[in-house]
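For reference, the structure is listed below as structure tokens.
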Amino acid sequence: MDIKQLDKKYVLPTYARADVEFVSGKNARLRDSNGKGYVDFTSGIGVVSVGHANERVNTAITKQISNITHTSNLYYIAAQAKAAQKVVEASGYDMQCFFGNSGAEANEGAIKIARKWGERDGEIKKYKIITLKHSFHGRTITTVKATGQEAMHNYFGPFPDGFVYADDIAQIESLLDDHTCAVMIELVQGEGGVQPQDKEAVQNLEKLLKSKDILLIVDEVQTGGYRTGEFLACGFYDISPDIITLAKGVGGGVPVGIVMTSLKDVLSAGDHGSTFGGNFLSTAAVCEVMDILKDLKNSGELAKTIKYFNDELEKFYTSHKNLFTQKVGIGLMCGLRVKDADTLSSIITNAKDNGVMVLKAGKNTLRFLPPLTITKEEIDEGFKSLNNAVSTIN
Numbered sequence: 011m012d013i014k015q016l017d018k019k020y021v022l023p024t025y026a027r028a029d030v031e032f033v034s035g036k037n038a039r040l041r042d043s044n045g046k047g048y049v050d051f052t053s054g055i056g057v058v059s060v061g062h063a064n065e066r067v068n069t070a071i072t073k074q075i076s077n078i079t080h081t082s083n084l085y086y087i088a089a090q091a092k093a094a095q096k097v098v099e100a101s102g103y104d105m106q107c108f109f110g111n112s113g114a115e116a117n118e119g120a121i122k123i124a125r126k127w128g129e130r131d132g133e134i135k136k137y138k139i140i141t142l143k144h145s146f147h148g149r150t151i152t153t154v155k156a157t158g159q160e161a162m163h164n165y166f167g168p169f170p171d172g173f174v175y176a177d178d179i180a181q182i183e184s185l186l187d188d189h190t191c192a193v194m195i196e197l198v199q200g201e202g203g204v205q206p207q208d209k210e211a212v213q214n215l216e217k218l219l220k221s222k223d224i225l226l227i228v229d230e231v232q233t234g235g236y237r238t239g240e241f242l243a244c245g246f247y248d249i250s251p252d253i254i255t256l257a258k259g260v261g262g263g264v265p266v267g268i269v270m271t272s273l274k275d276v277l278s279a280g281d282h283g284s285t286f287g288g289n290f291l292s293t294a295a296v297c298e299v300m301d302i303l304k305d306l307k308n309s310g311e312l313a314k315t316i317k318y319f320n321d322e323l324e325k326f327y328t329s330h331k332n333l334f335t336q337k338v339g340i341g342l343m344c345g346l347r348v349k350d351a352d353t354l355s356s357i358i359t360n361a362k363d364n365g366v367m368v369l370k371a372g373k374n375t376l377r378f379l380p381p382l383t384i385t386k387e388e389i390d391e392g393f394k395s396l397n398n399a400v401s402t403i404n
């Protein structure tokens, strides 16, 4: 029984898998079970921020699990405390962290903090959370309801109550009421089409919420970890939220989710928890990834990579305006709007056949999330393959 048959027999069919099995990788390169090589412009949907098989991360993980992998959060975990310190110091905010295992878990934690904060003795209970249409916050029952995509609300009800959807940031003010405890946004909507929010509109929203004593939650699951060029997109937008969520790139491929908040006294022992979250394995990885990315940022290499990748993407876009209508995104979270869905599907299929992996997102968007450590040679090879992939598409 080959791997496809094995998968079909034993794995629930929740993914529309591409017909490829990767068996190894190095930085922004992948190799499949047939020996074919690819340039990876996806980094596992923004996860492998420091590249595949990063030697420093591998060494840190191996060293850690040679000593101890897991005990539980009933005891002190040195790597967890050090990881929290690195994340908080990189953010520039006065916050504390909770560690889970995924972006959805991080967003669940953020929602719990906001809801408990809204329960005030002697005052009207605040529980409503406003999110944006086209947003994506996870696939648990609560985070899928927080997601502003009606198509994702089929079959799984009844859902938790209290979520309100705004068409855009401008509409949020009209939806606020005495029961609103928080507004939750992505500064760049990843699944929603790599759509950045307007900077001035976000800053005005922050001021409005502070004036009304309503929390601002920023979902940085995809944007966090220097993906935009800054450790947090919040820094790029020059705002100070009450709660921030992280995952994906800060673990470099090891499952992790982080809730950061300035509301240090809201949760107490027993209010929230995780069996695996923040264990020795995951937080040892976070510590090393944070160090690698800090070096990349401080050396100026990240800025050079962002510029070079975007310059090459602009050339590709300009050369194929018969297929694309707009370039979107920030940093190494980029997208090209494609003229229609069928064309987008053809580009992704042809790209794989030509040895370069790309993604799709909402609004018919061709999405690029390369490793932050990608080299010029890998970028050049990837766009050469991508040009070949679209040469036969009209």
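Each residue of the sequence shown is one higher than the one before, starting from 11 at the first, in the numbering used here. Note that beta-carbon positions come from the ideal geometry of N, C-alpha and C, so glycine has one too.
> Which value, in whole angstroms, describes the spacing of the CA atoms of residue 47 and residue 108?
Replying inline: Translated into the one-based positions of the sequence shown, residue 47 becomes position 37. Translated into the one-based positions of the sequence shown, residue 108 becomes position 98. C-alpha separation (whole angstroms): 39 Å.
> Alpha carbon to alpha carbon, how far is residue 274 from residue 336?
Replying inline: The residue you call residue 274 lines up with position 264 of the sequence shown. The residue you call residue 336 lines up with position 326 of the sequence shown. Straight-line spacing of the CA atoms in residue 274 and residue 336 works out to 42 Å.
>> Just to confirm the assignment, what range does the alpha helix (DSSP H) spanning residue 69 have?
In response: Start at 1 with the first residue of the sequence shown, and residue 69 comes out as number 59. Run containing residue 69: 65-77, per the alpha helix (DSSP H) assignment.
> Given 8 Å as the limit, is there contact between the segment 293-308 and the segment 56-63, that is, 3 or more CB pairs closer than that?
Replying inline: By the Cβ test, the segment 293-308 is in contact with the segment 56-63, since at least three Cβ pairs between them sit closer than 8 Å.
> Tell me which same chain residues have a C-beta within less than 7 Å of the C-beta of residue 82, skipping the five on either side of it?
Replying inline: Counting from one through the sequence shown, the residue named residue 82 turns up at place 72. Counting only residues of its own chain and dropping the five nearest sequence neighbours on each side, residue 82 has a CB closer than 7 Å to the CB of 285.
>> At the level of alpha carbons, what is the spacing between residue 193 and residue 120?
In response: Numbered from 1 along the sequence shown, position 183 holds the residue referred to as residue 193. Numbered from 1 along the sequence shown, position 110 holds the residue referred to as residue 120. Rounded to the nearest whole angstrom, the CA to CA distance from residue 193 to residue 120 is 11 Å.
> Where do the ends of the alpha helix (DSSP H) carrying residue 389 lie?
Replying inline: Position 379 of the sequence shown, counting from 1, holds the residue named residue 389. Here the alpha helix (DSSP H) through residue 389 covers 386-400.
>> Looking only at its chain, what residues have a beta carbon closer than 6 Å to the beta carbon of residue 35, apart from the 5 residues adjacent to it on each side?
In response: Position 25 of the sequence shown, counted from the first residue, corresponds to residue 35. Here the set comprises 62 and 63.
> To the nearest angstrom, how far is it from the Cα of residue 369 to the Cα of residue 361?
Replying inline: Working through the sequence shown from its first residue, we reach residue 369 at position 359. Working through the sequence shown from its first residue, we reach residue 361 at position 351. Looking at the two C-alpha atoms, the distance is approximately 10 Å.
>> Quick test of the definition: if touching needs 3 or more C-beta pairs under 8 Å, does the segment 215-229 touch the segment 65-83?
In response: With a cut-off of 8 Å, the segment 65-83 and the segment 215-229 do not count as touching, because too few Cβ pairs lie within range.
> Excluding sequence positions up to five away, which residues of its chain have a Cβ less than 6 Å from the Cβ of residue 106?
Replying inline: Locating residue 106 in the sequence shown gives position 96, where the first residue counts as 1. So the list reads 274, once near-sequence residues are dropped.
>> Between which residues of its own chain and residue 316 is the CB-CB distance below 8 Å, once the five residues before and five after are set aside?
In response: Walking along the sequence shown from the start, residue 316 turns up at place 306. Excluding residues within five positions, the ones whose Cβ falls inside 8 Å are 239, 341 and 342.
> Whose C-alpha, out of 268, 217, 276 and 278, is nearest the C-alpha of residue 288?
Replying inline: The residue you call residue 288 lines up with position 278 of the sequence shown. Nearest C-alpha to residue 288 among 268, 217, 276 and 278: 268.
>> Just to confirm my understanding: we take residue 66, look at its own chain, exclude 5 residues before and 5 after, and list those with CB closer than 7 Å. What are they?
In response: Counted from its first residue, the sequence shown places residue 66 at position 56. For residue 66, where only same-chain residues beyond five positions count, the Cβ hits under 7 Å are 298 and 302.
> DSSP three-state call for residue 232: helix, strand or coil?
Replying inline: Translated into positions along the sequence shown, residue 232 becomes position 222. Of the three classes helix, strand and coil, the one that applies to residue 232 here is coil, per DSSP.
>> Assuming residue 291 is part of the alpha helix (DSSP H), what are its boundary residues?
In response: Within the sequence shown, the letter at position 281 stands for residue 291. From DSSP, the alpha helix (DSSP H) with residue 291 extends over 290-309.
> Helix, strand or coil: how does DSSP classify residue 247 here?
Replying inline: Along the sequence shown, one-based indexing puts residue 247 at 237. It is helical.
> Among all the DSSP beta bridges, which residues are the ones paired with residue 34?
Replying inline: Residue numbering aside, residue 34 sits at position 24 when the sequence shown is read from its first letter. According to DSSP, residue pairing for residue 34 in a beta bridge involves 41.
> By Cβ distance below 7 Å, which residues in the same chain neighbour residue 137 in space, the five residues on each side in sequence not counted?
Replying inline: Residue 137 sits at position 127 when you count from the first residue of the sequence shown. Excluding sequence neighbours, residue 137 sits near 125, 128, 172, 189 and 191.
> Just how far apart, CA to CA, sit residue 212 and residue 339?
Replying inline: Sequence index remark: in the sequence shown, residue 212 carries index 202 (1-based). Sequence index remark: in the sequence shown, residue 339 carries index 329 (1-based). Put simply, the backbone Cα of residue 212 is about 16 Å away from that of residue 339.
>> Given a cut-off of 8 Å on the beta-carbon distance, is the pair residue 323 and residue 71 in contact?
In response: Locating residue 323 in the sequence shown gives position 313, where the first residue counts as 1. Locating residue 71 in the sequence shown gives position 61, where the first residue counts as 1. Going by C-beta atoms, residue 323 is not nearer than 8 Å to residue 71.
>> Do residue 49 and residue 395 count as a contact pair if the criterion is CB distance below 8 Å?
In response: As a working note, residue 395 is residue 385 in the sequence shown. As a working note, residue 49 is residue 39 in the sequence shown. Taking 8 Å as the Cβ cut-off, residue 395 and residue 49 qualify as a contacting pair.
> Which residues does DSSP pair with residue 143 in a beta bridge?
Replying inline: Locating residue 143 in the sequence shown gives position 133, counting from the first residue. Residue 143 is bridged to 158.
> Is there at least one non-hydrogen atom of the ligand ZN closer than 7 Å to the beta-carbon of residue 266?
Replying inline: With respect to small molecules bound, the structure shown includes none, and the ligand ZN cannot be examined in it.
>> My output table needs one value for residue 321: the three-state DSSP class, helix, strand or coil.
In response: Sequence index remark: in the sequence shown, residue 321 carries index 311 (1-based). Annotated three-state conformation of residue 321 is helix, per DSSP.
>> So, for residue 151: in the same chain, excluding its five sequence neighbours on each side, which residues have a beta-carbon less than 7 Å away from its beta-carbon?
In response: Sequence index remark: in the sequence shown, residue 151 carries index 141 (1-based). For residue 151, where only same-chain residues beyond five positions count, the Cβ hits under 7 Å are 166, 169 and 170.
> Could you give the residue range of the beta strand (DSSP E) that holds residue 253?
Replying inline: Start at 1 with the first residue of the sequence shown, and residue 253 comes out as number 243. According to the DSSP assignment, residue 253 belongs to the beta strand (DSSP E) that extends over 253-256.
> What are the partner residues of residue 174, as DSSP defines its beta bridges?
Replying inline: Counted from its first residue, the sequence shown places residue 174 at position 164. Paired residue(s): 140.
> Can a CB atom of chain D be found closer than 8 Å to the CB of residue 72?
Replying inline: Here there is only one protein chain, and chain D is not present.
> Is it right to say residue 181 is buried, meaning 16 or more other beta carbons lie within 10 angstroms of its own, or is it exposed?
Replying inline: Indexing the sequence shown from 1 puts residue 181 at position 171. With fewer than 16 other Cβ atoms inside 10 Å of its own Cβ, residue 181 counts as exposed.
> Tell me which same chain residues have a C-beta within less than 6 Å of the C-beta of residue 13, skipping the five on either side of it?
Replying inline: Residue mapping note: residue 13 aligns to position 3 of the sequence shown, counting from 1. These residues qualify, in order along the chain: 31.
>> Measuring alpha carbon to alpha carbon, tell me which residue in 350, 263, 23 and 327 is nearest residue 52.
In response: Locating residue 52 in the sequence shown gives position 42, where the first residue counts as 1. Distances from the alpha-carbon of residue 52 to those of 350, 263, 23 and 327 put 263 closest.
> Which of the three DSSP states, helix, strand or coil, is assigned to residue 62?
Replying inline: Looking up residue 62 in the sequence shown gives position 52. Note: residue 62 maps to strand in three-state DSSP.
> What residue range is occupied by the uninterrupted alpha helix (DSSP H) comprising residue 276?
Replying inline: Translated into positions along the sequence shown, residue 276 becomes position 266. It is not in any alpha helix (DSSP H) - residue 276 carries neither H nor E in the DSSP assignment.
>> For residue 6, tell me which candidate among 69, 252, 174 and 158 has the shortest Cα-Cα distance.
In response: The displayed coordinates of the chain run from 11 to 404. Any statement about residue 6 would go beyond what the structure contains.
> Helix, strand or coil: which one does DSSP assign to residue 150?
Replying inline: Stepping through the sequence shown from its first residue, residue 150 is reached at position 140. Looking at residue 150 - three-state DSSP - the assignment turns out to be coil, as it is neither helix nor strand.
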